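The listed protein sequences correspond, in order, to chains A and B. Each step along the first sequence adds one to the number in our numbering, with nothing skipped, and position 18 is 13. So the number in our numbering is just where the residue sits in the second sequence, counting from 1, plus 84. Shown next, in structure tokens, is the structure this report addresses.
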Amino acid sequence: MTGEATQALEAFQDTIREAALLAARGQLPDDRLWSFHEARHQCLTRTANTLGGEPGPSPGEAIAPDADSRVAQLQPEQLAAWIAATPEPQRSALAFFYLNEFSHREMQNLLDVKMSELANLISHGRAQFQAWLNAVTADPEMT
Amino acid sequence: MKRWLSRRKQALVDCAPISDAPSSDRAMRSALETARTIPEAAASLTAQQRFDQAVATLTRKITIPKEAEEWFVNVALLKGPKRSWKKTARHPAILATALAVLVMAGLGIFYFVEQLQEFPGSATAKKLLVVASQTRPSQLDRINTDAINLGDYFFMKFQLEHFEVPMRFADFRATGARVFEDEDGHRVGQVVLAESGVQFFFFSLEKSASAPPRKTEKLRWKFVSDGGWTGAVDRRNGTYFMVAKRGSKADLRPYLSERLK
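Dropping the structure here:
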């Protein structure tokens, strides 16, 4: 979400502090999504200036049958960096989706978007990631 | 003919769950089932799910900083306030369920009470209350006798047995009487009293009023209301006797209790 480990750690710590503060006052919301809302807010606040001017939307490509083989060539940090570089709210949508912890209704709640918007964000992100994947990884059939 | 997914289903397929486990969401399951019946959509969905699974696997490999892992030990200590039973009771789903149960219980009690008021002659008794409200003096034979003599009157003139007034009502003064047949062909005895707004009815559910009485005679003053009149019905020797009074049950009950003392 932040593209930078130090900022991510600060966002995480501030989220925990906020939770501790609310818990001490007996005001911690009884909502399992609260911490994700708060963490996203912390990340967006920190990256408002640094990641605001990321590259515009790149043309996407259809998902290739060998895409999983190409993904396997990547390092986790490369994926994290690519997701962090995408503009909001696509960045949050991809992060939440690939964490594989939320239903699409929960993601709509977290991102405050409609179903069609969420589908659009994920679908475009997937196509753009495929295009980037084609550019940075070798064709599995050639290797 | 080429088939394609609706925009709504395509949106759901774009967010299809990464794992192969069936979704708990009905709309999502429906969209995925439809997509699997269209060859192009099925191939696209398979490629999408393989792609998503590969990315999700890679996502899980992103290392969490050690400092953050240490903080997770303390996260378990953070607990929200326990939801009180009052707060739980105010939840809309609980309120709606409670309301539905209350309505059903109310209906159940209403029908149960209604059932308690019902007895074999109640339908006829209600019809006779309407008759009571519409009867004119000219429709009746003029008589002038104590109610105790009505049994003889009905037997001698109409050959009707058991059309006898209970002893508690024996001293009432009858001023008019008649016998007619109701819609079912049963003969009904009607008596108008000198006392305004009170009438007696005798009726039987048997075709012949002289039929032998039934063995079970447990009816004791059941109330019916219709047409602005209320009746108290009792059964003796197979014949129903009804005291009808203009007004509500609240008007008739004290009137009756005076007589039953």
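Cβ atoms here follow ideal geometry from the backbone N, Cα and C, with glycine treated the same way. Model, not experiment: these values are computed from the prediction.
For residue i, which of the options has the nearest alpha-carbon?
i: B:SER217; options: B:ALA125, B:GLY311, B:PRO106; result: B:GLY311
i: B:SER332; options: B:LEU244, B:GLU124, B:LEU224, B:LEU213; result: B:LEU213
i: B:ARG144; options: A:LEU94, A:ALA88, A:GLN70; result: A:LEU94
i: B:MET326; options: B:ARG337, B:ALA180, B:PHE287; result: B:PHE287
i: B:THR130; options: A:LEU17, A:ALA14, A:ALA62; result: A:ALA62
i: A:MET4; options: B:SER222, B:PRO106, B:GLU153, B:PHE264; result: The displayed chain sequence assigns Leu, not Met, to residue 4 of chain A. When only C-alpha atoms are compared, the closest one is B:GLU153.
i: A:GLU72; options: B:TRP169, B:ALA173, B:ILE148; result: B:ILE148
i: A:ILE78; options: A:GLU112, A:LEU116, A:ARG65; result: A:LEU116
i: B:VAL263; options: B:LEU179, B:PHE284, B:ARG304; result: B:PHE284
i: B:ILE146; options: A:PHE124, A:LEU74, A:ASN129; result: A:LEU74
i: A:GLN37; options: A:ARG27, A:ARG12, A:ALA18, A:PRO24; result: A:ARG12
i: B:ARG304; options: B:TYR324, B:THR314, B:ILE178; result: B:TYR324
i: B:LYS211; options: B:GLY315, B:TRP88, B:GLY281; result: B:GLY315
i: A:GLU112; options: A:GLN125, A:LEU128, A:GLN85; result: A:GLN85
i: B:ASP266; options: B:ILE122, B:TYR195, B:ALA207; result: B:ALA207
i: B:ARG319; options: B:ALA105, B:ALA209, B:MET112, B:SER103; result: B:ALA209
i: B:ILE102; options: B:THR121, B:ARG92, B:ALA111, B:ARG134; result: B:ARG134
i: B:LYS150; options: A:GLY21, A:GLN8, A:THR81, A:SER30; result: A:GLN8
i: A:ALA80; options: A:PHE124, A:SER64, A:ARG65; result: A:PHE124
i: A:ALA130; options: A:PHE31, A:ARG65, A:PRO24; result: A:ARG65
i: B:SER280; options: B:TRP88, B:LEU89, B:SER108, B:THR219; result: B:THR219
Report back the beta-carbon spacing between residue i and residue j to the nearest angstrom; my notes put them in contact at under 8 angstroms.
i: A:MET(-4); j: A:ALA90; result: 6 angstroms
i: B:GLY205; j: B:LEU340; result: About 17 angstroms; that fails the 8 angstroms criterion.
i: B:ASP98; j: A:SER118; result: 4 angstroms
i: A:THR10; j: A:ALA43; result: In fact, because the Cβ distance is near 17 angstroms, the residues do not count as touching under 8 angstroms.
i: B:ARG337; j: B:TRP313; result: Not quite, the Cβ-Cβ distance comes to about 14 angstroms (not below 8 angstroms), so this is no contact.
i: B:GLY235; j: B:VAL215; result: With 8 angstroms as the limit, B:GLY235 and B:VAL215 do not qualify as a contact, their Cβ atoms being about 21 angstroms apart.
So with Cβ pairs under 9 angstroms, would you call residue i a contact of chain C?
i: B:SER90; result: This model lacks chain C altogether, as its protein chains are A and B.
Beta-carbon separation of residue i and residue j under 9 angstroms?
i: A:MET102; j: A:ALA88; result: yes
i: B:GLN132; j: B:ALA100; result: yes
i: B:LEU224; j: B:VAL276; result: yes
i: B:ALA125; j: B:THR118; result: yes
i: B:PHE307; j: B:GLN199; result: no
i: A:THR1; j: A:LEU69; result: no
i: B:PHE247; j: B:GLY273; result: yes
i: B:LEU116; j: B:LEU96; result: yes
i: B:GLY260; j: B:ARG226; result: yes
i: A:ALA114; j: B:GLN94; result: yes
i: B:ARG38; j: B:PRO106; result: Residue 38 of chain B cannot be examined here, being either before or after the span of chain B that is shown, 85 to 345.
i: A:LEU39; j: A:GLU83; result: yes
i: B:ALA182; j: B:ALA173; result: yes
i: A:TRP29; j: A:ALA14; result: yes
i: B:PHE239; j: B:ARG271; result: no
(request) Evaluate contact between the segment 96 to 114 of chain A and the segment 52 to 63 of chain A, counting only Cβ atoms and requiring at least three cross-stretch pairs below 8 angstroms. (result) Not touching, per the Cβ criterion.
(request) Specify whether the segment 228 to 239 of chain B and the segment 252 to 265 of chain B touch according to this definition: at least 3 beta carbon pairs, one from each stretch, less than 8 angstroms apart. (result) Yes, since at least three Cβ pairs between the segment 228 to 239 of chain B and the segment 252 to 265 of chain B fall closer than 8 angstroms, the two stretches touch.
(request) Enumerate, from N- to C-terminal direction, the unbroken alpha helix (DSSP H) stretches of 4 or more residues contained entirely within the segment 61 to 97 of chain A. (result) For the segment 61 to 97 of chain A, the continuous alpha helix (DSSP H) assignments of 4+ residues that do not extend past its boundaries occur at 62 to 66, 71 to 80, 85 to 94, in sequence order.
(request) Go through the segment -2 to 22 of chain A residue by residue and report every complete run of the alpha helix (DSSP H) that reaches 4 residues or more, in order. (result) Correct list: 0 to 19.
(message) List, from N- to C-terminal side, the beta strand (DSSP E) runs of 3 residues or more that fit wholly inside the segment 260 to 330 of chain B.
(response) For the segment 260 to 330 of chain B, whole beta strand (DSSP E) runs of length 3 or above, ordered along the chain, are 271 to 277, 282 to 287, 306 to 310, 313 to 320, 323 to 330.
(request) For the segment 173 to 210 of chain B, list the alpha helix (DSSP H) runs that are entirely contained and at least 4 residues long, ordered along the chain. (result) If you keep only unbroken alpha helix (DSSP H) runs of at least 4 residues inside the segment 173 to 210 of chain B, you get 176 to 201.
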